[in-house]
Each structure stands twice: as structure tokens, then as C-alpha cells.
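**Q** Oh and the sequence shown: position 27 is 39 in our numbering, straight run, nothing missing. Backbone N, C-alpha and C fix where the C-beta goes; we use that ideal spot for every residue, glycine too. Quick one: the structure is below, questions incoming.
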Amino acid sequence: LQTRIDAGVRFISMDDLNKLVHQGGKGHYATVTFDDVPDNFLTDAYPILKELQIPFTLFLTTSYLETSGYINIPDLENLLKEPLCTIGAHTLTHPMLRRVKNSYEEIAGSKRILENLTGHEIKYLAYPFGRPSSISDRIKRQARKAGFELAFCTILAPINKVSAKNKYYLPRVID
């Protein structure tokens, strides 16, 4: 992270990224995201993010919240007090959405559960697996219908003027 800061990368919140996407994806910025959120996030990543004041987004699979090895509901409640933290959805059970019949419930249900747990609107979705083989146009339409403002895939590319046009299949660079 310090290397990126030294290189002039500005770390922004997911809400700030949302604004930039709507403006066409211009700028030299990064947003930090975590999928599934193992419990070692609390000891390994969170202290560094807090010390450096870097905003981050946790994309949660709701069925993992009370599973050994992942953050739990009390952890989530504590993280909600952190202004740097944004919560996003990562479905109910982490399926390959293109291959399940209940894909809309996986998407919309996770949003609904997280909104009930957090008391906050959940605006962002990261698709499990997120490859072109696992996400179809139907799945992207379902993300929009469920009320998400942005959805992320796992295509390794930056958000730019072209990719910002597809708000329901935004790329992420894994670093």
C-alpha cells in the first residue's frame, strides 16, 4: 500500500469510486476491496488500513458470517463503526451465478440480509468467481433489478472511460 501511495495513487472509498464511474472513470485512484472476509482481516489488514487511513470495502457472503474462519456478526457490528469501511454484497452462498436457478435470490437476498443486519443501504456487489464464464447479461440485469448501483467482476483491468460504461461488470485489479 505504501508503494502505491508513494506512486501517487489516491485511495478512495467505494462511494467516491461510484461518483467517478458515473463521470466516466477518470483519475489515478484505487479502492481496496476484500471478498468473503476471513477473520484474519481483523488482525492482518484492518490495522494497516486504519493506520494509513485507507478506505476499504468488504464484500460479504452472508452464509459465511457465522462460519469458522470468517468475520462474524459482532465483528461486522464493530466494523460498521469504522468510517473507512463500506459493506458490499457477495451473494448468499457464493455460487457460480450463471449455473444456479435462484441467482436473483442469491443477489437480492444477500442485499436484503445485509441491509437488515447493518441498517445501511447496500449499494455494491462483487460477483463470486466473476469471470465471463460465470456471469451473463441476465445476471447483470438481476444486479441492477436488485437495486445495486455498481457490480464488480474479476477481470484484471483498471476502470477507465470504456469499462466505466458497464456499471454492472466493472473490472478489478488483483494486487
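Quick check: the Cα distance between residue 26 and residue 33, rounded to an integer number of angstroms?
**A** Looking up residue 26 in the sequence shown gives position 14. Looking up residue 33 in the sequence shown gives position 21. C-alpha separation (whole angstroms): 10 Å.
**Q** Can you say whether residue 118 is buried or exposed, counting buried as having 16 or more other CB atoms within 10 angstroms of its CB?
**A** Within the sequence shown, the letter at position 106 stands for residue 118. By the 10 Å Cβ count, residue 118 comes out buried.
**Q** Compare the beta carbon distance of residue 11 and residue 129 with 9 Å and say whether it is the shorter of the two.
**A** Look at the range of the chain in this structure, 13 to 187, and you will see that residue 11 is not part of it.
**Q** Output the boundary residues of the alpha helix (DSSP H) element that contains residue 99.
**A** Residue 99 sits at position 87 when you count from the first residue of the sequence shown. Here residue 99 belongs to no alpha helix (DSSP H); instead the beta strand (DSSP E) covers 97 to 101.
**Q** With distances taken from CA atoms, which of 123, 88, 21 and 179 is nearest residue 51?
**A** To locate residue 51, count along the sequence shown from 1; it is residue 39. Answer by Cα proximity: 88.
**Q** Considering only residues of the same chain and omitting the five flanking positions on each side of residue 21, which have a CB-CB separation below 8 Å?
**A** For the purposes of this step, residue 21 is taken as residue 9 along the sequence shown, with counting starting at 1. Cβ neighbours of residue 21 beyond the five flanking positions: 40, 41 and 42.
**Q** Count the other CB atoms within 10 Å of the CB of residue 80; is the residue buried (16 or more) or exposed (fewer)?
**A** For the purposes of this step, residue 80 is taken as the residue at position 68 of the sequence shown. That one is exposed.
**Q** Just the Cα atoms here: how many angstroms apart are residue 158 and residue 127?
**A** Here residue 158 corresponds to residue number 146 of the sequence shown, with the count starting at 1. Here residue 127 corresponds to residue number 115 of the sequence shown, with the count starting at 1. Cα to Cα, residue 158 sits roughly 12 Å from residue 127.
**Q** Excluding the five sequence neighbours on either side, which residues of its own chain have a C-beta within less than 6 Å of the C-beta of residue 123, listed in chain order?
**A** Your numbering for residue 123 matches position 111 in the sequence shown. The residues are 101, 134 and 158.
**Q** Could I get the ranges of all uninterrupted beta strand (DSSP E) runs contained in the segment 26 to 75, with 3 residues as the minimum, in chain order?
**A** As far as the segment 26 to 75 is concerned, its whole beta strand (DSSP E) runs of at least 3 residues are 44 to 47 and 68 to 72.
**Q** Closest to residue 174 by C-alpha separation, out of 31, 23, 24 and 35, would be which residue?
**A** Counting from 1 along the sequence shown, the entry for residue 174 is found at position 162. Minimum Cα distance to residue 174 is reached at 35.
**Q** Are the CB atoms of residue 44 and residue 23 nearer to each other than 9 Å?
**A** As a first step, residue 44 must be located in the sequence shown, where it is residue number 32. As a first step, residue 23 must be located in the sequence shown, where it is residue number 11. Closer than 9 Å, so yes.
**Q** Considering just the uninterrupted stretch of the alpha helix (DSSP H) at residue 244, what are its terminal residues?
**A** This structure cannot settle anything about residue 244, because the visible part of the chain is limited to 13 through 187.
**Q** In terms of residue numbering, what span does the beta strand (DSSP E) encompassing residue 182 cover?
**A** If you number the sequence shown from 1, residue 182 lands on position 170. No beta strand (DSSP E) contains residue 182, which DSSP labels as neither H nor E.
**Q** With DSSP run on the structure shown, which of helix, strand or coil describes residue 169?
**A** Indexing the sequence shown from 1 puts residue 169 at position 157. Note: residue 169 maps to coil in three-state DSSP.
**Q** If you pair each beta-carbon of the segment 56 to 65 with each one of the segment 105 to 112, do three or more pairs fall below 8 Å?
**A** No: the two stretches stay apart, fewer than three of their Cβ pairs being nearer than 8 Å.
**Q** Measure the C-alpha to C-alpha separation of residue 109 and residue 31 and round it to an integer number of angstroms.
**A** Position 97 of the sequence shown, counting from 1, holds the residue named residue 109. Position 19 of the sequence shown, counting from 1, holds the residue named residue 31. The alpha-carbon atoms of residue 109 and residue 31 are separated by roughly 27 Å.
**Q** Under the rule that 16 or more other beta-carbon atoms within 10 Å means buried, what is residue 140, buried or exposed?
**A** If you number the sequence shown from 1, residue 140 lands on position 128. Flag for residue 140 reads buried.
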